[in-house]
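Chemist: Before we start, here is the structure in question, set down as structure tokens.
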Amino acid sequence: MVKFLIHRPIAVTMAFLALLLIGIATTTSLPVSLMPDIDIPVVSIRVSSSEMPARQLENTVVKTLRSLLKEVNHVEEMRSETRDGAAWVELRFRHGTPIDLASVEVNEKVDKAMNSFPDDIRRPEVIRASASDIPVFYLMVNRKKELESGNTKEFLQLSNFASQVIRKRLEQLPEVALVDMSGLQYPEIKIFPNNAYLQSGAFSVAALEQALQENNIDLGRLLIRDGQYQYNIRFNTRLRDVSDISKVPVNLNGKVVRLDEIAEINMQPQRLQGDIKFKAQNAVSMAVIKQSDAKMAELKKELEFLVERFREDYPDLEFSVTRDQSKLLEYSINNLGQSLLFGGLLAFLAMFLFLREKRAPWLIGVSIPVSLIIALLFFYLAGLSINIISLSGLVLGVGMMIDNSIIVIDNITQHRQRHSLLDRACNEGTNEIIRPLISSVLTTCAVFIPLIFMKGMSGALFFDQAIAVTIGLTVSLVVSITLLPTLYRIFYKKHSDVDPKATYPVYYSWYEKGLKFVLRHQLLTLVLVIGMIGTAVVLYKALTVSRFPDVSQDEAVLKIDWNEPVTLEENNHRVTKLLAVLSESPEYVIEEAGKQQYLLNTGEEAGTSETRLYIKTTSPSRLNQLSEKLSNYLENNYPESDFSFSETDNLFNLAFGKTEAPLIVKFAHFNPGEEGYIDGLAELQEKTETAFPGRVRSKLITRNLILLETDPEKLMYYQVDNDDLYREIKSAFNVNTVFTINDNNMFVPVSIGNNYASVYDIIQNITIQNANDEKIPLSGLVKVSSGAGLKAIVAGKDGEYFPVLLNIKDKEFKEVTATFKNMVNNDDRFNVSFGGEIIADKGMLKELLVIIGVSLLLLYFILAAQFESFVLPVIVLLEVPIDLFGAFLFLMAFGAGINIMSAIGIIVMTGIIINDSILKIDTINKLMDSGFSLLRAVFEAGKRRLKPIIMTSLTTILAMLPFLFQKGMGAELQKPLALAIIGGMTIGTLVSLYFIPLMYYLLKKKKEVVRS
2 MVKFLIHRPI AVTMAFLALL LIGIATTTSL PVSLMPDIDI PVVSIRVSSS
52 EMPARQLENT VVKTLRSLLK EVNHVEEMRS ETRDGAAWVE LRFRHGTPID
102 LASVEVNEKV DKAMNSFPDD IRRPEVIRAS ASDIPVFYLM VNRKKELESG
152 NTKEFLQLSN FASQVIRKRL EQLPEVALVD MSGLQYPEIK IFPNNAYLQS
202 GAFSVAALEQ ALQENNIDLG RLLIRDGQYQ YNIRFNTRLR DVSDISKVPV
252 NLNGKVVRLD EIAEINMQPQ RLQGDIKFKA QNAVSMAVIK QSDAKMAELK
302 KELEFLVERF REDYPDLEFS VTRDQSKLLE YSINNLGQSL LFGGLLAFLA
352 MFLFLREKRA PWLIGVSIPV SLIIALLFFY LAGLSINIIS LSGLVLGVGM
402 MIDNSIIVID NITQHRQRHS LLDRACNEGT NEIIRPLISS VLTTCAVFIP
452 LIFMKGMSGA LFFDQAIAVT IGLTVSLVVS ITLLPTLYRI FYKKHSDVDP
502 KATYPVYYSW YEKGLKFVLR HQLLTLVLVI GMIGTAVVLY KALTVSRFPD
552 VSQDEAVLKI DWNEPVTLEE NNHRVTKLLA VLSESPEYVI EEAGKQQYLL
602 NTGEEAGTSE TRLYIKTTSP SRLNQLSEKL SNYLENNYPE SDFSFSETDN
652 LFNLAFGKTE APLIVKFAHF NPGEEGYIDG LAELQEKTET AFPGRVRSKL
702 ITRNLILLET DPEKLMYYQV DNDDLYREIK SAFNVNTVFT INDNNMFVPV
752 SIGNNYASVY DIIQNITIQN ANDEKIPLSG LVKVSSGAGL KAIVAGKDGE
802 YFPVLLNIKD KEFKEVTATF KNMVNNDDRF NVSFGGEIIA DKGMLKELLV
852 IIGVSLLLLY FILAAQFESF VLPVIVLLEV PIDLFGAFLF LMAFGAGINI
902 MSAIGIIVMT GIIINDSILK IDTINKLMDS GFSLLRAVFE AGKRRLKPII
952 MTSLTTILAM LPFLFQKGMG AELQKPLALA IIGGMTIGTL VSLYFIPLMY
1002 YLLKKKKEVV RS
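This is the structure we're talking about:
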């Protein structure tokens, strides 16, 4: 085939030009995204019941829901959190589960559970997690001038304007799917009856409700016929605004008066349950969610243009784009692109130094872009996108692409140096190494196959990397054995003579001396190798184990629970004092206090005593400084508060889940909620903090309760109706909404309120009118007591538990877990189980060890098929445990550890480095078959393969080198992979040059002795 192709240079060139043109055309159509297009295996259920306390909601609703959701197929993990008035259940499914069908099944279970729920419980919402639901931008809108103290009307106007104008203009962009909003303030109409009339019995809350409802009736339409005409008559008696409500007639002791004569009626902002501040000012947050098929770059361009228009059209408002996901994408993709470019250039320069002539490096330089562009064509055909995983696969493949070209060109050159004609050298030089090249590509691709079958999201994520490397290597192989020989013949046709006086470089003599030393000191070499393997075992035990490498961040989320029943105003005041301790302000801070209004919020709802601070800084080091200052302030001034720093939301966190504590201790009670339960938890918390001072990351968060318990006997004795009692209490606490009116596309609640300052005032001053029109004081009908309960009730598949988060090292795991088991052995109320990162990491490590074992078996099968031997593959694979020494040494030296990325690097390194040994042994076999003695064949093969081995190793190492110095998620994710490859390749090159020939020599020598 090669002979045919090299004599058809125009046909070969035109064929590759056609592929290049198609590749360039399809490259512009390739989607660009941060991560591969993968289904997020998470479904969340949100339960709302504004009137139920946490314990009642847990026992009557969430517990039933969990028991039914256990029946859903393929659920790996279930977690629920119940608070006053709301609950949240998250189901994480096994990877590969059809998430559409899973969400349908979850909905069926929710429908089934509805039969056993209380009547006033609304149907829980089922929310399927989706990559497209993550906002790509947040647009913060606030006034340029600080609002005057107490001036709430201006912010009401801003909220209405942002909702009705800004949001609609944003949603008109074809790339925008939804604009989700929070921080809005809504109006309500509040009616405050005169207490004198209520206490005198001349008027009651029940009578007020009745009067409002009687005057807010829509009788619909009537069709009346009048001769040959017919008319639509509408009776419009609905209340539309404050003016209409003021005119409602009421009966006051037989006298008809207007409502505004006996009550104060105001349009005012609703009581806030949460708010948002940007740069210390109240703001409206607009989360921009893109269409799933929209390109990020186009959306960013359109949004920037529209925001500029907003600034021109509305000069009194400030518009700020924050939490820009496209920057992460651009930064990561650009850095990977730079790594691809710099790695290729470094490898290219290395070829000039080693090949010592001008034309050959340019031949290889042509093959790299050709291979890359054709690989992108196959990306398009395979449905892959340009993302940080697939692009890193291409970066990884560049070094190996160069390897194939180097081997082909070097082998053709060697044939020419042995006085072969140019055509014959191109033909025989290429055909001679086709089989080992195919074997090398197969071994490299084979190590990726087991990665695809990894459990969970890891297998899905690295599918793109495996396919990218496979495509890159396959294309490179085809280019190397078809285009390169053809171009070589064209480049050297006019320069077919080879310098007969050409001498070997000086490093050839160094190599021969080294090989002679190894063959003469066999025992010393073997001892050295065994020492390296032993050191590798020691290094492995010393390395830290984690799921993913640490990625530097310049932004973080600080979650604070003050662990006190503070109001929203006090919450904001404390945050202001907290941020004041920062000597240098961060780039920006977004304060989200209390409950947020986002529709697509799949997490737990916060209370008024909780806040989330999104902190954006200029650098990771600056973020660490700020985090330390804020932590110190909170620990010193609010020691009872519970706070934690976490990563900001992005697709990577959504897919894999945010990092947990190293160890989560789960205390389960046989009867949670019983008397003494909170005291028992407090005792366990105290014991834990005593046993592990400074290492407990969580606190026991409780909330104080005021319990109003009605006396049924007194209600019956005084003839007080329960509904009247409940109505009066709701009005006293300003939660008695009578109806809702529609005002300018906005629903405005109309509610009856009161001006009492405290619970004590309400109990002492409220009176209830009984059936005999007598006024009975509330204090005589209810008992007031206090209590405490958990603020958040956490549960899993096995039921409710109390989590305690601990910072420990994986080496301490057995000792720490034994401590907790002993702790509960003496307490028959509790049992204990464990979770957290350490347990997940141990499971991942076992899985990776199995994958490495399977990869080695696949390599053995391929090598055995190539060499037609059961022993020679063992010699090649002996290189792997020795190379682990280099990989572990580099990981230790650069502060990395064992994680998914470094393990993949080790697996990839295994597939790459044995290629050199394959070529070396294949050359030795061919030389011995042609009549060379064993010793002469070993030295001659070493000499012939020295330059290709050094160059292929060097180009692969140089292609990985930029990862060590680049920043961004893409580069930092790949850094442990690069370290493992560089370290393994460095030691592996020496092993291929010296140890493999020694083992081959010993094996063949033993066979000769046995034969003789």
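Here my numbering is used: the first residue of the sequence shown is 2, the next is one more, and so on. Think of the CB as a built atom: it goes at the ideal place given N, C-alpha and C, for glycine as much as any other residue. Fair warning: this is a prediction, and the values are worked out from it, not measured in the lab.
1. Following the continuous alpha helix (DSSP H) through Ile665, name the residue where it begins and the one where it ends.
2. Which residue marks the beginning of the alpha helix (DSSP H) containing Ala130, and which one marks its end?
3. In this structure, how does DSSP classify Val1022 when only helix, strand and coil are distinguished?
4. For Asn737, count neighbouring Cβ atoms within 10 angstroms of its own Cβ and tell me buried if that reaches 16, exposed if not.
5. Among all the DSSP beta bridges, which residues are the ones paired with Ala557?
6. Near Leu273, what residues of its chain come up, given a Cβ to Cβ distance below 8 Å and the 5 sequence neighbours on each side ignored?
7. To the nearest angstrom, how far is it from the Cα of Asn233 to the Cα of Ser732?
8. Run the CB neighbour count on Phe644, radius 10 Å, all protein chains shown included, and call it buried at 16 or more, exposed below.
9. Exposed or buried, Phe748, counting other C-beta atoms within 10 Å across all chains shown (16 or more means buried)?
10. Using C-beta distances below 8 Å, list every residue in its chain close to Met287, excluding the 5 sequence neighbours before and after it, in chain order.
11. Of all the options Asn705, Asn625 and Lys700, which has the alpha carbon lying nearest to the alpha carbon of Glu687?
12. For a minimum of 4 consecutive residues, which ranges assigned as the alpha helix (DSSP H) are wholly contained in the segment 150-217?
13. Curious, which full-length alpha helix (DSSP H) runs of at least 4 residues does the segment 43-81 contain?
14. Could you check how far apart the C-beta atoms of Ile997 and Lys944 are, in whole angstroms? I think they sit under 8 Å.
15. Helix, strand or coil for Pro10 per DSSP?
16. By how many angstroms is the C-alpha of Lys280 removed from the C-alpha of Asn1084?
17. Could you tell me the boundaries of the alpha helix (DSSP H) in which Ile290 lies?
18. Could you tell me the boundaries of the beta strand (DSSP E) in which Tyr589 lies?
19. With H, G and I counted as helix, E and B as strand and the rest as coil, what does DSSP make of Ile41?
20. Taking just the CA atoms, how far does Gln57 sit from Ala789?
21. Where do the ends of the alpha helix (DSSP H) carrying Glu690 lie?
22. Of the residues Pro977, Phe964, Ile982 and Met986, which one's Cα is nearest the Cα of Ile951?
23. Rounded to the nearest angstrom, what separates Leu624 and Glu661 at their Cα positions?
24. In this structure, does DSSP put Tyr1002 in helix, strand or coil?
25. Starting from Arg1, trace the beta strand (DSSP E) both ways and give me its first and last residue.
26. Between which two residues does the alpha helix (DSSP H) containing Glu838 stretch?
27. Just verifying my parser: in three-state terms, what is the DSSP assignment at Phe803?
28. Between which two residues does the beta strand (DSSP E) holding Ile876 run?
29. Can you name the start and end residues of the alpha helix (DSSP H) that Leu484 belongs to?
30. Based on DSSP bridge pairs, tell me the residues matched to Tyr139.
31. So does the segment 9-20 actually touch the segment 43-57, counting three or more Cβ pairs closer than 8 Å?
32. By how many angstroms is the C-alpha of Asp85 removed from the C-alpha of Gly151?
33. Note the first and the last residue of the continuous alpha helix (DSSP H) segment covering Asn900.
34. By the DSSP assignment, the alpha helix (DSSP H) with Asp724 in it spans what residues?
35. Hey, out of Thr27, Asp261, Leu601 and Phe118, whose CA is closest to Arg67's CA?
36. Where does Ser440 land, buried or exposed, given buried means 16+ other C-beta within 10 angstroms?
Modeler: Short version:
1. Taken as a continuous stretch (DSSP letters only), Ile665 belongs to no alpha helix (DSSP H), being part of the beta strand (DSSP E) at Leu664 to His670.
2. Taken as a continuous stretch (DSSP letters only), Ala130 belongs to no alpha helix (DSSP H), as it is neither H nor E.
3. In the structure as shown, the chain begins at 2 and stops at 1013. Residue 1022 is therefore absent and cannot be evaluated.
4. Per the 10 Å Cβ criterion, buried.
5. Ile616
6. Gln186, Leu569 and Gly595
7. 40 Å
8. buried
9. Residue burial annotation: Phe748 is exposed, with fewer than 16 other C-beta atoms found within 10 angstroms of its C-beta.
10. Tyr139, Leu140, Met141, Val142, Ala163, Ile167, Arg168, Leu171, Val180, Asp181 and Met182
11. Lys700
12. Listed in chain order, the complete alpha helix (DSSP H) runs (minimum 4 residues) inside the segment 150-217 are 154-162, 168-172, 196-201 and 206-215.
13. Listed in chain order, the complete alpha helix (DSSP H) runs (minimum 4 residues) inside the segment 43-81 are 55-58 and 64-70.
14. Contact flag wrong, Cβ pair sits at about 15 Å.
15. helix
16. Here the chain has residues from 2 to 1013 only, and residue 1084 is not among them.
17. It is not in any alpha helix (DSSP H) - Ile290 instead sits in the beta strand (DSSP E) that spans Val285 to Lys291.
18. Tyr589 to Gly595
19. coil
20. 14 Å
21. Tyr678 to Ala692
22. Met986
23. Leu624 and Glu661: Cα-Cα distance of roughly 20 Å.
24. helix
25. Past the boundaries of the shown model lies residue 1; the chain is included only from 2 to 1013, so the question cannot be answered.
26. Glu838 to Phe868
27. In the displayed model, Phe803 falls within a strand according to three-state DSSP.
28. Segment Leu873 to Leu878 is the alpha helix (DSSP H) holding Ile876; no beta strand (DSSP E) there.
29. Element bounds for Leu484: Phe464 to Phe492.
30. Tyr139 is bridged to Ala288 and Thr323.
31. no
32. Note that Gly151 has pLDDT 47, beneath the 50 cutoff, so the model's placement of it is unreliable and the number below is only indicative. Roughly 30 Å between the two C-alpha positions.
33. Unbroken run through Asn900: none, as it is neither H nor E.
34. Asn723 to Ala733
35. Of Thr27, Asp261, Leu601 and Phe118, the residue nearest in Cα terms is Phe118.
36. buried
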